[in-house]
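Taking it in order: structure first as structure tokens, then the write-up.
Numbering (our numbering), first residue to last: 25 to 419.
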């Protein structure tokens, strides 16, 4: 080997040693990802139809809590495909909680999504079985355990129209209401949180709303919950200061309660609202809001979901029953553009029907008393003669 080649090799060796010493040597672009472990536990594996279940879990990595990890909760029927039902983020302790009210015997799992330094992981699958039979106050309190907490009052009996008997009792985390139906079936429902606060303001089981028809339906968008009662519904989500009440009968009250919770919302800039973000499109959003309210209340299929007005109107005309009579829960269509043509250009939700007017909740509209568009969500009273036609969703 000649002297020139020897010198070149010595230079290379010195450079490599320097790089290794300073930690600048050639290596992986990122640190190796660490394995993650995800757990999932159900508060109950056997529930009655209409009861809710808490899905709790924890994500760890390297034996330590994995905080601020995005977790997707999925469910499936039998061996079918997994479908997302909720997305959440772990706490500082790596824990997460999602609430569901299953209508079928679903199997659930939780998936911790991968990050730049942490590998993704799926929890073991957990199945919920729906059972039949009576559920007394005592039995439901035992089944709920810490979710209901300790009893803080004695059991109170009440006479409520449409039932055979009603007994209710306060617990540290909510109210349990045992309902004996006229058929003799005994069920006990749980009311809690901001929904309970609103329920008590309405008089509780003996008040305007009557008794619950089921537990709250939670895990909705914006971490929303909605609960139906004999004579109405109550809706609440993480962005509202208090729960909203809609008095009336039928599942439509869930949608109306969700809409009432949004009254007073104002768009940030012209045609830029949170409902546009949800729909994935910037533009006129009166119809987008109606679709959002249906989805937010757990009734997604009731109102067509389209980002554009033209597609929404076409879908309504093709698939919804149309008519000229205003009904609570119906969609009302107006012509709000003075261009010499008669065409549906705006939609609202009918919440009250009067002799010559209708009370509506509308979005992408101005403050009450004005008829221009573009400001927010408001409740309005309009002459019935202004309506072009009505659509009657199947709630």
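All C-beta atoms in this analysis are idealised placements derived from N, C-alpha and C, irrespective of residue type, glycine included.
Counted within 10 angstroms of its Cβ, other Cβ atoms place residue i as buried (16 or more) or exposed
i           : result
residue 85  : buried
residue 294 : exposed
residue 53  : Because the pLDDT of residue 53 is 46, which lies under 50, any placement of that residue in the model is unreliable, and the number read from its coordinates should be weighed accordingly. Result: exposed.
residue 333 : buried
residue 50  : Legend: pLDDT at residue 50 = 45, less than 50; position of this residue unreliable, value from coordinates given subsequently. Result: exposed.
residue 323 : buried
residue 263 : exposed
residue 157 : exposed
residue 265 : exposed
residue 155 : exposed
residue 319 : buried
residue 270 : buried
residue 281 : buried
residue 169 : exposed
Rounded separation between residue i and residue j - CA only
i           : j           : result
residue 407 : residue 358 : 11 Å
residue 238 : residue 215 : 9 Å
residue 104 : residue 73  : 21 Å
residue 39  : residue 57  : Low local confidence applies: a pLDDT of 47 at residue 39 is under 50, so the model's placement there is unreliable, and no value is given.
residue 133 : residue 166 : 25 Å
residue 300 : residue 325 : 19 Å
residue 121 : residue 67  : 11 Å
residue 197 : residue 130 : 27 Å
residue 297 : residue 402 : 14 Å
residue 151 : residue 77  : 11 Å
residue 87  : residue 115 : 16 Å
residue 110 : residue 268 : 23 Å
residue 219 : residue 412 : 36 Å
residue 396 : residue 288 : Bear in mind that the predicted position of residue 396 carries a pLDDT of just 46, short of 50, making it unreliable; the figure below should be weighed with that in mind. If you take the alpha carbons of residue 396 and residue 288, they lie about 16 Å apart.
residue 277 : residue 244 : 16 Å
residue 240 : residue 363 : 46 Å
residue 497 : residue 305 : Only positions 25 to 419 of the chain appear in this structure, which leaves residue 497 out of reach.
residue 187 : residue 204 : 6 Å
residue 231 : residue 255 : 10 Å
residue 274 : residue 236 : 13 Å
residue 75  : residue 366 : 48 Å
residue 147 : residue 135 : 6 Å
Member of the options whose CA lies at the smallest distance from the CA of residue i
i           : options            : result
residue 159 : 212, 305, 61       : 212
residue 182 : 228, 374, 324      : 228
residue 137 : 165, 108, 154, 184 : 108
residue 96  : 127, 144, 276      : 144
residue 222 : 140, 259, 305      : 259
residue 400 : 286, 360, 328, 383 : 286
residue 303 : 328, 282, 280      : 328
residue 410 : 254, 382, 77, 191  : 382
residue 217 : 242, 169, 98       : 242
residue 113 : 89, 202, 188       : 89
residue 387 : 404, 313, 367      : 313
residue 191 : 164, 171, 169, 174 : 164
residue 126 : 135, 119, 98, 142  : 98
residue 178 : 200, 342, 247, 101 : 200
residue 180 : 69, 208, 83, 202   : 202
residue 247 : 123, 128, 330, 141 : 123
residue 209 : 100, 189, 345, 414 : 189
residue 171 : 79, 261, 92, 225   : 79
Any non-hydrogen atom of the ligand ATP within 7 Å of residue i CB
i           : result
residue 137 : What this structure holds is no ligand at all, so the ligand ATP is not there to describe.
Presumed contact (8 Å Cβ cut-off) between residue i and residue j, rounded CB distance
i           : j           : result
residue 347 : residue 416 : 7 Å
residue 374 : residue 352 : 6 Å
residue 371 : residue 350 : Residue 371 to residue 350, Cβ: 13 Å. No contact.
residue 385 : residue 283 : 4 Å
residue 234 : residue 184 : 6 Å
Host beta strand (DSSP E) of residue i (start-end)
i           : result
residue 94  : 94-101
residue 388 : 381-389
residue 182 : 180-182
residue 337 : Unbroken run through residue 337 is the alpha helix (DSSP H), 333-343; no beta strand (DSSP E).
residue 420 : Beyond the ends of the chain as shown, which are 25 and 419, falls residue 420; an answer cannot be given.
residue 163 : No beta strand (DSSP E) contains residue 163, which is instead part of the alpha helix (DSSP H) from 161-168.
residue 251 : 248-253
Where the alpha helix (DSSP H) through residue i begins and ends
i           : result
residue 277 : 276-284
residue 316 : 310-320
residue 219 : 217-225
residue 301 : 298-303
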